[in-house]
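S.K.: Once you've had a glance at the structure underneath, I'll fire off some questions.
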Amino acid sequence: MLDGEGNYLRDAAPNEVGNLCLKGPTVFKGYLQQDRNRDIWIGDGWFNTGDLGRIDEDGYIWLTGRSKDLIIRGGHNIDPQMIEEALHRHPAVALAAAVGKPDAKAGELPVAYIQLKPGASASEEELLEHASRHVPERAAVPKDIWLIESMPVTAVGKTFKPALRLDAIRRVLEEESRRIAEDIRVEVVADERHGQLAHLHVPALDERRQAALEELLGGYALNYRLHAV
Numbered sequence: 001m002l003d004g005e006g007n008y009l010r011d012a013a014p015n016e017v018g019n020l021c022l023k024g025p026t027v028f029k030g031y032l033q034q035d036r037n038r039d040i041w042i043g044d045g046w047f048n049t050g051d052l053g054r055i056d057e058d059g060y061i062w063l064t065g066r067s068k069d070l071i072i073r074g075g076h077n078i079d080p081q082m083i084e085e086a087l088h089r090h091p092a093v094a095l096a097a098a099v100g101k102p103d104a105k106a107g108e109l110p111v112a113y114i115q116l117k118p119g120a121s122a123s124e125e126e127l128l129e130h131a132s133r134h135v136p137e138r139a140a141v142p143k144d145i146w147l148i149e150s151m152p153v154t155a156v157g158k159t160f161k162p163a164l165r166l167d168a169i170r171r172v173l174e175e176e177s178r179r180i181a182e183d184i185r186v187e188v189v190a191d192e193r194h195g196q197l198a199h200l201h202v203p204a205l206d207e208r209r210q211a212a213l214e215e216l217l218g219g220y221a222l223n224y225r226l227h228a229v
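Heads up, the sequence shown is in the UniProt record's numbering, so the first residue is 1 and it goes up one at a time.
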């Protein structure tokens, strides 16, 4: 078990989900690109794979997800797989993906994106009610469920969650910015230097409107730029 800074806390109990770390003569010595080696070593030469998993009573290792996909709600770690497994039990759901949306108080709140099966129908309200009954942890029940036509995927067919995180940020900022003006356009991109970067295109951007937006956005751990249009 690791803390929020990636430091060792303790060994996980049987069937407790934790960070999978490896050590031994067959483990590589590091990446050629030195900047990729900063956060991969734990304690005395343990390699942090970035995977989450558990070890059962018989010593078998079961992979459950990726640590970078964890949703951190007020210091509580939520495994998105718990949400996705519950949503996949709904007969209309083809694909489900859970990510965190930014929240000024909790840091992140769980949300889910759903692609329905061809010809199936289900409302976001119906799916939220299904999640509230089937997600085992109350803190992990999604605050929002958004239906999309097609799930973004990688070249090998895996769900591309970075795109969903950017979309979740966009949705939150669009809703929040309506408190200032109705016609603010929000674009969120993955920036090589700044990470997740939100661009807000603001009509009639004067000092009063800029101050109001800066106060609003100051509650979120986000990089942003305001653009006058």
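Where is the CB? At the ideal position from N, CA and C, for every residue including glycine.
By Cβ distance, which residues of its chain are closer than 8 Å to H227, with the 5 residues on each side in sequence left out?
M.R.: Excluding sequence neighbours, H227 sits near H199, L200, H201, V202, L205.
S.K.: Tell me which same chain residues have a C-beta within less than 7 Å of the C-beta of R10, skipping the five on either side of it?
M.R.: If we look at R10 and ignore the five residues flanking it on each side, its Cβ neighbours are M1.
S.K.: Hey, is the segment 23–41 in contact with the segment 65–82, meaning 3+ C-beta pairs nearer than 8 Å?
M.R.: As far as the Cβ criterion goes, the segment 23–41 does not touch the segment 65–82, which means the pair count is below three.
S.K.: Helix, strand or coil for V111 per DSSP?
M.R.: In this structure, V111 counts as strand in the three-state DSSP scheme.
S.K.: Please give the ranges of any beta strand (DSSP E) in the segment 2–71, keeping only runs that are unbroken, at least 3 residues long and fully inside the region.
M.R.: DSSP runs (the beta strand (DSSP E)) wholly in the segment 2–71: 18–22, 46–55, 61–66.
S.K.: Going by beta-carbon coordinates alone, are H88 and L127 separated by less than 8 Å?
M.R.: Not in contact: H88 and L127 (Cβ atoms no closer than 8 Å).
S.K.: Determine, using beta carbons only, whether L166 and L116 come nearer to each other than 8 Å.
M.R.: No, Cβ-Cβ distance for L166 and L116 is not below 8 Å.
S.K.: Mind reading off the beta-carbon distance from G59 to K23? Whole number of angstroms is fine, and I expect it under 8 Å.
M.R.: Not really, about 17 Å apart at Cβ, beyond 8 Å.
S.K.: Between D56 and R66, how many whole angstroms is the CB-CB distance? I'm expecting something under 8 Å.
M.R.: Rounded, the Cβ-Cβ distance is 20 Å, inconsistent with contact.
S.K.: Considering only residues of the same chain and omitting the five flanking positions on each side of A12, which have a CB-CB separation below 6 Å?
M.R.: Once the five neighbours on either side are set aside, the close Cβ partners of A12 are M1, G18.
S.K.: Counting pairs of beta carbons, one from the segment 151–163 and one from the segment 172–181, are three or more of them closer than 8 Å?
M.R.: Contact fails: fewer than three Cβ-Cβ distances are below 8 Å.
S.K.: Check A168 in the structure and name its three-state DSSP category.
M.R.: A168 falls in the helix class under three-state DSSP.
S.K.: Considering only residues of the same chain and omitting the five flanking positions on each side of A94, which have a CB-CB separation below 7 Å?
M.R.: Cβ neighbours of A94 beyond the five flanking positions: Q115, L116, K117.
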